[in-house]
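2 protein chains.
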Amino acid sequence: MTITARNLFTGASAPAGVEQCLTLFESANVRVERIVSNTHSSPADFWYDQPEDEWVMVLRGQATLEFAGGGSVAMRAGDHVTIASHVRHRVMETGADTIWLAVHVKPQP
Amino acid sequence: MTITARNLFTGASAPAGVEQCLTLFESANVRVERIVSNTHSSPADFWYDQPEDEWVMVLRGQATLEFAGGGSVAMRAGDHVTIASHVRHRVMETGADTIWLAVHVKPQP
Chain A
1 MTITARNLFT GASAPAGVEQ CLTLFESANV RVERIVSNTH SSPADFWYDQ
51 PEDEWVMVLR GQATLEFAGG GSVAMRAGDH VTIASHVRHR VMETGADTIW
101 LAVHVKPQP
Chain B
1001 MTITARNLFT GASAPAGVEQ CLTLFESANV RVERIVSNTH SSPADFWYDQ
1051 PEDEWVMVLR GQATLEFAGG GSVAMRAGDH VTIASHVRHR VMETGADTIW
1101 LAVHVKPQP
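Here you go:
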């Protein structure tokens, strides 16, 4: 049996202002995603409101998350947070070709 | 509500020959783990044989995984593989203070 590694940094570039998502692993319960954000922010007054928990880290670059209840968190490479279900949040800003790694717990039937 | 980021590289050092695990996120379905391996290898003739899939990447350093059916995969920073359930594998070698990020799908009742 041959297992080949893929590299997460390959092709990790997006046009300015754009966010690109790539699924790296998926099972019935979880989805692991690479997100490349190049000087991207969520639309004004847009809030993510997810039914399940998400764990996310910055792999390269920097970013700031904003929370609907007030407050924000500035993140650099290696920083990680857990965003509990229904904690409304948005991407306030990201640096050039910032890479996120997101682990999404999938809703269960 | 205040969310604080933790940094994955903080304290990411282990004694020579040792592997240290830290759970970063856990839910009913998934566990995300940081593994620091400092010139570590699995015991000879030891094979991991896991009931569920695992997705793993090298965040820093380098490592080689070996598979029971023959073959190995050399991994550097950014490289990731999916190890399907019951694919027997072991850590052949790692570099100094190599950091893995592992996403373990948990067995379901």
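Residue numbers (this note's numbering), protein chains in the order written: chain A, 1 to 109; chain B, 1001 to 1109.
Backbone N, C-alpha and C fix where the C-beta goes; we use that ideal spot for every residue, glycine too.
Residue of the options minimising C-alpha distance to residue i
{"i": "A/R31", "options": "A/E54, A/A84, A/N7", "result": "A/E54"}
{"i": "A/A102", "options": "B/H1086, B/G1070, B/F1025, B/T1010", "result": "B/F1025"}
{"i": "A/I99", "options": "A/E66, A/Q108, A/S37", "result": "A/S37"}
{"i": "B/F1009", "options": "A/V105, A/G78, A/S42, A/I83", "result": "A/G78"}
{"i": "B/M1075", "options": "B/G1095, B/T1023, B/H1104, B/N1029", "result": "B/G1095"}
{"i": "A/E52", "options": "A/M92, A/V18, A/R6, A/T82", "result": "A/T82"}
{"i": "A/S41", "options": "A/E93, A/H104, A/V105", "result": "A/E93"}
Backbone CA spacing between residue i and residue j [nearest angstrom]
{"i": "A/T64", "j": "A/R34", "result": "17 angstroms"}
{"i": "A/I3", "j": "B/Q1062", "result": "16 angstroms"}
{"i": "B/D1049", "j": "B/A1068", "result": "10 angstroms"}
{"i": "B/R1090", "j": "B/P1107", "result": "20 angstroms"}
{"i": "A/A84", "j": "B/Q1020", "result": "26 angstroms"}
{"i": "A/S27", "j": "B/E1066", "result": "23 angstroms"}
{"i": "A/A5", "j": "B/H1080", "result": "5 angstroms"}
{"i": "A/N7", "j": "A/W47", "result": "31 angstroms"}
{"i": "B/T1039", "j": "B/V1058", "result": "14 angstroms"}
{"i": "A/G71", "j": "A/P43", "result": "17 angstroms"}
{"i": "B/V1105", "j": "A/T23", "result": "16 angstroms"}
Residue i burial status per 10 Å Cβ neighbour count (16 or more: buried)
{"i": "A/A14", "result": "buried"}
{"i": "A/D45", "result": "exposed"}
{"i": "A/R60", "result": "buried"}
{"i": "A/A12", "result": "buried"}
{"i": "B/V1087", "result": "buried"}
{"i": "B/V1018", "result": "exposed"}
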